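In my numbering, the protein residues as written are 5 to 103. Backbone N, C-alpha and C fix where the C-beta goes; we use that ideal spot for every residue, glycine too. Remember, predicted model here, so these are calculated numbers, not experimental data. Report on the following structure.
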Amino acid sequence: MKFKPVICPISSGIKITIREAHPGDALALTGCIQAYLKNQTIPLTKDEYQPSPKEQGKWISKFQEGQHDLLLLAEHEGRIIGNIDLSMHHRKNETNGSG
């Protein structure tokens with residue numbers, strides 16, 4: 005575990021839990037992301053985003069395995085209501101050798 009769960013009260017008095025995702029969240033996370041797609045906040049359509057629970061579980065596992073990667077979920081009353089993923093991608097140094 006890279007991140008300890010945190011309970012955050014918001015202005016309305018509702019308590020939101022922020023926690024690290026695990027592969028068992030695959031189905032619920034897919035549902036949450038598909039809800040984003042209905043609101044057009046992500047440049048994908050629902051048809052373009054159809055991972056199986058197994059595929060989504062593998063995607064989540066990559067965040068657990070990556071030393072500098074993290075997938076956080078926001079939960080309210082046991083329901084996933086949001087997520088954010090943070091990844092450290094390494095790019096090859098693309099120089100032409102001229103300095």
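Phe7 and Pro27 have their C-alpha atoms spaced approximately 15 Å apart. Counting only residues of its own chain and dropping the five nearest sequence neighbours on each side, Asp73 has a CB closer than 8 Å to the CB of Lys66, Phe67, Asp89, Leu90, Ser91 and Met92. Annotation for Leu41: the continuous alpha helix (DSSP H) segment containing it runs Ala30 to Lys42.
Per the coordinates, the alpha-carbon of Leu41 lies some 9 Å from the alpha-carbon of Tyr53.
Secondary structure of Lys6 (DSSP, three-state): coil. Residues Ile64, Leu75 and Leu77 of the same chain have their beta carbon placed closer than 6 Å to that of Ala25, with the five preceding and five following residues left out of the count. Separation of the CB atoms of Ile85 and Ala32 is rounded to 10 Å, and the pair is thereby denied contact status at 8 Å.
In the DSSP annotation of this structure, the continuous segment of the alpha helix (DSSP H) that includes Gly61 starts and ends at Pro57 to Glu69.
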